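The sequence shown begins at 576 in this note's numbering and counts up one residue at a time. The C-beta atom is built at its ideal place from N, Cα and C for all residues, glycine as well. As the structure is a computational prediction, the values presented were derived from the model and not from experiment. Below: the structure, in structure tokens.
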Amino acid sequence: MDALLGIDIGTGSTKGVLTDAGGTVLATEPVHHSMDLPRPGWAEFDAEAVWWREICQISAALVARLPQYAVL
């Protein structure tokens, strides 16, 4: 069976989702990261510093949870 991997990198976390070809959610995995608050009302983080590490972490967790799926 095939699954599609989606990744959303947000200010406070990176989230991964596996769906089947029809769009049914099979599993999700969040990884929270810290953010800088340089002034009131501002929130930012260094995406280049976290994106690859978190994508690898999320992918490994989702694949381990659903080993019967081939992730595309």
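By the DSSP assignment, the beta strand (DSSP E) with residue 588 in it spans what residues?
Here the beta strand (DSSP E) through residue 588 covers 588-594.
How far does the beta strand (DSSP E) with residue 637 in it reach, from first residue to last?
That residue, residue 637, is in no beta strand (DSSP E); its alpha helix (DSSP H) goes 622-640.
Could you tell me how far apart the beta carbons of residue 584 and residue 627 are, in whole angstroms, since I believe they sit closer than 8 Å?
About 11 Å separates the two Cβ atoms, so there is no contact after all.
With distances taken from CA atoms, which of 615, 607 and 616 is nearest residue 632?
With distances taken between Cα atoms, residue 632 lies closest to 607.
Could you name the residues of the same chain whose beta carbon sits closer than 6 Å to that of residue 644, not counting the 5 residues immediately before and after it, in chain order?
Contacts found: 576 and 578.
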